[in-house]
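All the letters of the sequence shown, read from the start, carry residue numbers 0 to 338 under numbering that gives the first Met the number 0.
Yeah, the Cβ is synthetic: ideal placement off N, Cα and C, and Gly gets one too.
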Amino acid sequence: MTDKRVLITGAAGYVGRLLGESLNKQMSVMGIDIVQRDAGFPILAMDICDAALAELLRAERITHVVHLASVVSPGRDRAREYKIDVEGTRNVLEACVKAGVSHLTLTSSGAAYGYHADNPAWLQESDPLRGNREFAYSDHKRLVEEMLAEYRQRHPQLKQLIFRPCSIVGATTNSKISALFSGRGILDPGGHNSPFVFVWDQDVIGAIEYGVTHTACGIFNLAGDDALTPAEIARLLKKPLRRPPVWLLKCILSLSFSLRLGNVQPAQVMFLQYRPVLLNHRLKTELGYQPQKTSAEAFAYFANNALGISVSAEDARVTRFEGTPAEAVKTQERQGEAA
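Written as structure tokens, this is what we have:
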């Protein structure tokens, strides 16, 4: 056992629970969540917006905080989502500073880069964060990262480790991402064929655990190697690729939203049109964490276990699209030399 004492927010969630149980083998771990569930470590019922959080951190002599709590599937209450995502994170940061916590790990998202037609073929950590205001999840992740940058300037004693995961998949994935691939066809609005990058959920847990154990600092894209386009995914799943006009899909979503049949707004079609494709070079070379599965292998594992569709890792070949990871790595290295 080390002298690290860890508190995890959102500890009752899938990642939080498994992370806590793994870390608890090496160090003292506790969690907070608005929902209490049985776990291999204590989880207290507490809202991340609670002003008493600082006192809890101080009383438990917490040295490391892992902030996982956020609204993963936004609905219609933007004010509530903002309070949890942005104001809740501010309360966590303030509590860490007041209690003298030395290290904060936070899961942001590749969505912080935003869904834009002019995104680079491969996004690197040095690229600007342009989270879309029309998409609460993307917008809030951008705002949180701007806040984190302010705290790095004002409170350098609180070391930060920030992960930007891509689409997380695993054996029991049940999310907006899994819903995209569980239907009768694969949707590609407007025929953009924008690639998906996937990361195995166990790699998410593994990378966070590695970062906490080593008290690592920095900002890292969290993704498997390479990417898969919707056309490739449709082939792997043996499903038709459907490419409706963007205007038609927006009309359908507008009607569905107005009738309260769904929570997806028309502007969020950009989620499929312009996927942020994350380069993981810095994760491997600077942090020192090597994902156990590539994007293709993670997707194949997800398809086999969560969707019940037989896909071999060998069949999950990467579709070529403009801009290769190797080219992006060379660009990143040149930028580092110039700096």
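Boundaries (first-last residue) of the alpha helix (DSSP H) holding residue i
i, result
"His213", "Careful: His213 lies outside any alpha helix (DSSP H) and carries neither H nor E."
"Val14", "Tyr13 to Leu22"
"Leu6", "That residue, Leu6, is in no alpha helix (DSSP H); its beta strand (DSSP E) goes Arg4 to Thr8."
"Gln272", "Met269 to Gln272"
"Tyr300", "Ser294 to Phe301"
"Ser177", "Lys175 to Phe180"
Bridge partners - residue i, DSSP secondary structure assignment
i, result
"Arg241", "Leu186"
"Thr196", "The identity of residue 196 in the sequence shown is Val, whereas the question assumes Thr. Per DSSP, none; premise fails for Val196."
"Ser309", "Ser309 pairs with nothing; no bridge assigned."
"Asp32", "Ala44"
"His66", "Thr8 and Leu105"
"Phe256", "Paired residue(s): none; Phe256 is not in a bridge."
"Leu221", "Pro164"
"Leu56", "None; Leu56 has no bridge partner."
As assigned by DSSP and simplified to three states, the class of residue i
i, result
"Ile167", "strand"
"Lys283", "helix"
"Ala38", "coil"
"Thr88", "helix"
"Ile232", "helix"
"Thr318", "Reliability of the predicted coordinates at Thr318 is poor, the pLDDT of 48 falling under 50, and no value is obtained from them."
"Met26", "coil"
"Ile346", "What is shown of the chain runs 0 to 338, which leaves residue 346 out entirely."
"Leu248", "helix"
"Gln159", "strand"
"Thr1", "coil"
"Gly205", "helix"
Where the beta strand (DSSP E) containing residue i begins and where it ends
i, result
"Val276", "Premise fails: Val276 is in no beta strand (DSSP E) and is neither H nor E."
Next item on the list: Identify every run of the alpha helix (DSSP H) within the region 70-149, keeping only runs that are complete inside it and at least 4 residues long; order them along the chain.
Entry: 77-81 and 87-98
Checklist line | Segment contact, 8 Å Cβ cut-off, at least three pairs: the region 267-283 with the region 105-117 | finding: yes
Check: Counting Cβ pairs closer than 8 Å, one from the region 261-273 and one from the region 186-199, do we hit at least three?
Finding: yes
Next item on the list: Flag this pair as touching only if the region 281-301 and the region 220-231 have three or more C-beta atom pairs under 8 Å; answer yes or no.
Entry: yes
Check: Does the pairing of the region 232-245 with the region 203-212 give three or more beta-carbon distances under 8 Å?
Finding: no
Checklist line | Meets three-Cβ-pair contact criterion under 8 Å: the region 139-153 and the region 40-50 | finding: no
Check: Can at least three beta-carbon pairs, one atom from the region 148-159 and one from the region 95-104, be found at a separation below 8 Å?
Finding: yes
Checklist line | Given 8 Å, three or more beta-carbon pairs between the region 26-33 and the region 7-18 | finding: yes
Check: Are three or more beta carbon pairs between the region 160-170 and the region 211-222 nearer than 8 Å?
Finding: yes
Check: Is the number of C-beta pairs between the region 174-183 and the region 117-128 that are closer than 8 Å three or more?
Finding: no
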